[in-house]
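As structure tokens, the structure follows; a few thoughts come after it.
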Amino acid sequence: MLSPAAKFAEQGGEALYANVCQACHMKEGAGAVGAGAYPALANNANLKAAGYPVHLVVNGHRGMPPVGRMMSDEQVAEVVNYVRSHFGNAYTDAVTAKDVAAARP
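The numbering of the sequence shown is UniProt numbering, which starts it at 1 and goes up by one.
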């Protein structure tokens with residue numbers, strides 16, 4: 001279980017993605033299959049609704065741990081905005097730290 005006291009130090013969506021998300025979702029967001037299925041983030045229509053990736057990062061889902069519990073609201077917003085605007089995704093409605101705070105349990 002993730003310790004709520006532990007926090008990621010990385011700042012900025014690209015750095016957070018590279019150091020937290022990339023191991024499973026791959027450098028270019030292509031996803032992978034191995035010990036489990038790691039969904040592709042590239043060209044992913046599920047990312048259109050900004051609240052969906054926020055919910056997944058904060059709460060986890062199936063094999064994905066709730067890594068957002070180890071991030072500030074600003075860090076979650078930054079990494080979600082990064083994924084939603086890279087890897088062939090072009091969603092421009094940015095998530096804010098306030099949106100993330102409202103999504104936390």
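C-beta: ideal position from N, C-alpha, C; glycine also.
Source: prediction; values computed, not measured.
Spatial neighbours of Glu103 in its chain, beta-carbon cut-off 7 Å, leaving aside the 5 residues before and after = The identity of residue 103 in the sequence shown is Ala, whereas the question assumes Glu. Cβ within range, chain order: Gly51, Val54, His55 and Val58.
Of the residues Cys21, Ala35 and Arg62, which one's Cα is nearest the Cα of Ala42?
-> Cys21
Expressed to the nearest angstrom, what Euclidean distance is found between the alpha-carbon atoms of Ser85 and Gly36?
-> 26 Å
Straight-line CA distance for Ala18 to Lys98?
-> 24 Å
Quick one: grab the DSSP three-state call for Ala102.
-> helix
Sheet register partners of His25 (DSSP bridge) | Answer by DSSP bridge pairing: none, since His25 is not bridged.
Helix, strand or coil at Ala50 according to DSSP, with G and I counted as helix | In the three-state reduction of the DSSP assignment, Ala50 falls in the coil class.
What first and last residue would you give for the alpha helix (DSSP H) that runs through Leu41?
-> Where Leu41 is concerned, there is no enclosing alpha helix (DSSP H), given that its DSSP letter is neither H nor E.
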